[in-house]
Amino acid sequence: MVLYTSPFPNSFLSVLHSFSWGLIFPCYWLADRLVASFVPTTYEKRQRADDPCYFHALCIIITTPIYLALLVASLPFALIGFLLWSPLQSARRPYIYSRLEDKNHANGATLLTEWKAAGNGKSFCFGSANVCLLPDSLARFNNVFNTQARAKEIGRRIRNGASRPQIKIYIDSPTNTSISAASFSSLVSPQSGDNTNRTVNAGIKRTTSMEYKGDNSGSNNSEDSREDKGGAGEPNEGEENTCIVRINGEDNGHMSDTETDTINGQAHASGPAEPSLEGDAEISKTPNHKQKEGDSGSLDSYSASRESLVKVRVGDGTVDQSTVNNKLLYKASIMKKTSVRKKKHTDETFDHEISAFFPANLDFLCLQEVFDKRAAEKLKEQLHHYFEYIVYDVGVYSCHGCCSFKFVNSGLLFASRYPVMDAAYHCYPNGRGTDSLASKGALFLKVQVGSTPQDQRIVGYISCTHLQAIAGDTTVRCEQLDMLQDWLSEFRKSTSSSSTANPEELVAFDVICGDLNFDNCSSEDKLEQQHSLFTHYKDPCRIGPGEDKPWAIGTLLDPEGLYDEEVCTPDNLQKVLESEEGRKGYLVYPTSKNHGSSQKGRKASLKGNGRRIDYMLYTEEGLYLEWKVEVEEFSFITQLAGLTDHLPVAMRLMVSTGEDDP
1 MVLYTSPFPN
11 SFLSVLHSFS
21 WGLIFPCYWL
31 ADRLVASFVP
41 TTYEKRQRAD
51 DPCYFHALCI
61 IITTPIYLAL
71 LVASLPFALI
81 GFLLWSPLQS
91 ARRPYIYSRL
101 EDKNHANGAT
111 LLTEWKAAGN
121 GKSFCFGSAN
131 VCLLPDSLAR
141 FNNVFNTQAR
151 AKEIGRRIRN
161 GASRPQIKIY
171 IDSPTNTSIS
181 AASFSSLVSP
191 QSGDNTNRTV
201 NAGIKRTTSM
211 EYKGDNSGSN
221 NSEDSREDKG
231 GAGEPNEGEE
241 NTCIVRINGE
251 DNGHMSDTET
261 DTINGQAHAS
271 GPAEPSLEGD
281 AEISKTPNHK
291 QKEGDSGSLD
301 SYSASRESLV
311 KVRVGDGTVD
321 QSTVNNKLLY
331 KASIMKKTSV
341 RKKKHTDETF
351 DHEISAFFPA
361 NLDFLCLQEV
371 FDKRAAEKLK
381 EQLHHYFEYI
391 VYDVGVYSCH
401 GCCSFKFVNS
411 GLLFASRYPV
421 MDAAYHCYPN
431 GRGTDSLASK
441 GALFLKVQVG
451 STPQDQRIVG
461 YISCTHLQAI
471 AGDTTVRCEQ
481 LDMLQDWLSE
491 FRKSTSSSST
501 ANPEELVAFD
511 VICGDLNFDN
521 CSSEDKLEQQ
531 HSLFTHYKDP
541 CRIGPGEDKP
551 WAIGTLLDPE
561 GLYDEEVCTP
571 DNLQKVLESE
581 EGRKGYLVYP
591 TSKNHGSSQK
601 GRKASLKGNG
611 RRIDYMLYTE
621 EGLYLEWKVE
631 VEEFSFITQL
641 AGLTDHLPVA
651 MRLMVSTGED
661 DP
């Protein structure tokens with residue numbers, strides 16, 4: 001299958017489309033600014049409350065007549081442009097595939113080595129987020145604003161979080177179950193048949209991904225790194241850019257001098273940090289994106305502030321922080337108490353957490369609501385610092401391909417560190433209400449993640465979707481889930497290869513990500529909860545229809561509280577969501593027929609831990625029979641605090657080949 005690298009099949013249509021959009025854009029921009037000036041966010045309301053001179057009101061009085069006059073003047077040109085633009089959409093391709101040609105641009109990414117399906121297996125990390133990048137006037141109805149600045153900042157935070165080195169700290173202690181040093185932002189238990197790794201079983205095993213500033217002399221041949229690798233066993237093939245630290249004894253998690261030096265040596269052995277990126281010193285024009293103490297997603301840092309540096313403790317004292325910073329700058333939240341999101345149930349087979357960072361070594365990213373085309377370009381530019389392959393501007397416009405007129409695309413965006421082999425998009429034809437104005441649908445992708453010694457390709461399937469959002473449209477969503485399964489089955493059949501010329505492909509994973517717009521606790525969503533999709537695909541957060549696992553939390557934030565000081569930074573939001581009372585104050589909960597829509601005054605009656613409408617599903621059906629797929633970790637991520645009204649989610653899957661198993 002040919003991947004489309006441009007929206008139109010020839011340059012003439014592209015030029016004609018650019019000309020028509022150039023006629024439409026002034027009218028579109030003026031209308032957007034005019035509406036936006038009358039839809040303030042809670043942050044702007046607070047700012048204006050401190051303005052005794054009513055300066056903003058004066059600005060509106062002056063600018064509104066100007067906007068109206070210019071809008072009226074631009075309407076004839078917009079009409080001409082629309083008459084050219086609309087028929088051109090019948091020739092438009094359903095997506096744009098972007099591959100980074102200049103590898104030096106991806107200075108935050110670790111070079112991938114081809115997986116040969118040998119050894120213990122390989123892990124793959126998937127992320128999904130609804131980023132609410134609508135035109136600014138529409139985004140304000142979700143209490144977010146400045147779409148262009150947010151797009152750039154979202155891209156920076158994602159790639160900075162994903163490009164961090166992964167440092168694994170294993171604690172062998174029968175009495176201690178916590179590390180006082182770091183936030184568990186990328187939890188991993190040793191997975192494999194390696195007998196050496198299996199010996200690490202005396203206590204809790206946790207992974208922490210920390211940011212650091214390495215020096216230019218960092219080398220992979222560090223003696224400390226070699227000693228640790230020998231002590232902790234050979235890592236799996238999927239563990240790139242990973243340092244492993246073993247802490248033994250019953251010293252309440254305090255690190256000795258030797259252990260501190262070992263960590264420092266290993267961090268330097270991971271290689272130099274990403275050099276200063278273009279525009280890193282730039283201050284965002286969006287007020288809620290100012291760098292604050294504790295803001296682990298600020299522009300001038302990879303993921304954490306000075307207050308979130310890890311304190312290395314030696315004996316009864318604490319090492320001076322400036323000394324530690326000269327060797328290794330950890331960027332992780334200080335955990336003053338054991339996180340309630342730690343694995344508390346002995347029957348759980350994987351780790352789970354609320355993390356202030358995107359997982360290190362993120363392989364695949366699925367985004368929803370990237371509707372604004374200019375914002376999509378800014379986001380793509382930032383993500384290309386880490387992801388080599390991106391599929392964006394997905395969907396159809398006008399009346400092409402769907403039953404009703406579409407003003408915006410599907411809002412789906414996919415980014416990958418592995419090459420995309422095939423891609424297909426389908427538009428849901430049954431959208432209703434305002435959702436019918438967007439070409440919501442499903443994006444299906446086939447990626448190559450390796451090859452066997454017999455030259456058989458190892459592939460994976462990823463589906464990204466966004467379902468009907470209007471409450472009460474359960475029948476519409478169920479129909480869309482039916483179509484999703486049918487389209488995915490057709491895509492797998494049409495892209496499979498088993499001929500002699502093309503050796504049989506081995507399927508390693510099949511994952512579905514997206515905003516499904518229903519949760520597993522609301523009584524109004526019973527039809528979706530019992531859909532057949534969940535008999536074929538597994539939800540790591542779900543026990544059964546209507547019941548989530550105790551550690552699972554909602555992913556839909558209460559828009560009214562986005563700019564509260566308690567939750568406006570990643571670290572603060574993480575701490576709030578770790579407590580039940582905090583979740584009740586800042587998450588949207590399942591609706592109840594016995595109570596009003598306001599969350600205040602009904603905290604005792606709230607069900608579950610919030611509305612979890614962002615899903616990551618995987619299946620074991622249709623995969624290579626001799627391989628086993630299991631979840632290594634699942635994370636709810638707060639790194640986009642203040643930038644969107646959804647919590648991103650991430651899942652790491654381990655594909656075990658079983659070749660070295662006894």
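If you read the sequence shown in full-length UniProt numbering, its first letter stands for residue 1, the second for the next number, and so on. For glycine and all other residues, C-beta sits at the position ideal for the given N, C-alpha and C. Treat the numbers as computed from the prediction; the structure is a model and nothing was measured.
Identify the continuous alpha helix (DSSP H) that holds residue i and give its terminal residues.
| i | result |
| --- | --- |
| residue 60 | 55 to 88 |
| residue 17 | 11 to 36 |
| residue 49 | 42 to 49 |
| residue 543 | Not the alpha helix (DSSP H): residue 543 falls in the beta strand (DSSP E), residues 542 to 544. |
| residue 582 | 580 to 586 |
| residue 476 | 474 to 495 |
| residue 136 | 136 to 139 |
| residue 471 | It is not in any alpha helix (DSSP H) - residue 471 carries neither H nor E in the DSSP assignment. |
| residue 536 | 533 to 536 |
| residue 158 | 147 to 162 |
Suppose you measure from the CA of residue i to the CA of residue j; what does that come to, to the nearest Å?
| i | j | result |
| --- | --- | --- |
| residue 642 | residue 43 | 10 Å |
| residue 656 | residue 97 | 31 Å |
| residue 523 | residue 624 | 38 Å |
| residue 128 | residue 473 | 23 Å |
| residue 281 | residue 160 | Legend: pLDDT at residue 281 = 37, less than 50; position of this residue unreliable, no value from coordinates given. |
| residue 415 | residue 386 | 9 Å |
| residue 420 | residue 390 | 9 Å |
| residue 35 | residue 495 | 45 Å |
| residue 88 | residue 395 | 14 Å |
| residue 256 | residue 578 | Caution is warranted here: a pLDDT of 47 is assigned to residue 256, below 50, making its placement in the model unreliable, and the coordinate value is therefore given only provisionally. Taking the straight line joining both Cα atoms gives about 29 Å. |
| residue 534 | residue 45 | 43 Å |
| residue 75 | residue 28 | 9 Å |
| residue 7 | residue 563 | 38 Å |
| residue 33 | residue 133 | 15 Å |
| residue 526 | residue 585 | 25 Å |
| residue 485 | residue 532 | 9 Å |
| residue 520 | residue 541 | 10 Å |
| residue 68 | residue 59 | 14 Å |
| residue 124 | residue 350 | 14 Å |
Over what stretch of residues does the beta strand (DSSP E) that includes residue i continue unbroken?
| i | result |
| --- | --- |
| residue 465 | 457 to 466 |
| residue 125 | 122 to 133 |
| residue 416 | 413 to 416 |
| residue 744 | Past the edges of the chain, shown from 1 to 662, lies residue 744, and the structure says nothing about it. |
Taking all protein chains shown into account, decide if residue i is buried (16 or more other Cβ within 10 angstroms of its Cβ) or exposed.
| i | result |
| --- | --- |
| residue 2 | exposed |
| residue 651 | buried |
| residue 465 | buried |
| residue 388 | buried |
| residue 51 | exposed |
| residue 336 | Low confidence applies to residue 336: its pLDDT is 33, below 50, so where it sits in the model is not reliable enough to give any reading. |
| residue 493 | exposed |
| residue 121 | buried |
| residue 10 | exposed |
| residue 454 | exposed |
| residue 15 | exposed |
| residue 644 | buried |
| residue 57 | exposed |
Considering Cα atoms alone, identify which of the options is closest to residue i.
| i | options | result |
| --- | --- | --- |
| residue 463 | 447, 46, 10, 470 | 447 |
| residue 397 | 82, 11, 51 | 82 |
| residue 166 | 361, 36, 144 | 361 |
| residue 438 | 452, 400, 461, 475 | 400 |
| residue 93 | 393, 122, 526 | 393 |
| residue 452 | 507, 582, 526 | 507 |
| residue 514 | 454, 444, 563 | 444 |
| residue 19 | 135, 138, 86 | 86 |
| residue 141 | 576, 559, 518 | 559 |
| residue 504 | 369, 456, 653, 37 | 456 |
| residue 422 | 586, 497, 621 | 497 |
| residue 618 | 539, 583, 588 | 539 |
Examine the ligand COA and report whether any of its heavy atoms sits within less than 7 Å of the Cβ of residue i.
| i | result |
| --- | --- |
| residue 648 | In the structure on display, the ligand COA does not appear, and there are no ligands present to speak of. |
- Between the stretch 533 to 547 and the stretch 563 to 574, do at least 3 Cβ pairs fall closer than 8 Å? No, they do not touch.
- Query: Below 8 Å, can you find three or more Cβ-Cβ pairs linking the stretch 370 to 378 to the stretch 143 to 152?
  - Reply: yes
- Three-pair Cβ contact test at 8 Å for the stretch 405 to 414 versus the stretch 427 to 437: yes
- Query: Is there contact between the stretch 19 to 30 and the stretch 69 to 81, where contact requires at least three CB pairs shorter than 8 Å?
  - Reply: At 8 Å Cβ cutoff, the stretches touch.
- Query: Does the count of Cβ pairs from the stretch 548 to 559 and the stretch 474 to 487 closer than 8 Å reach three?
  - Reply: no
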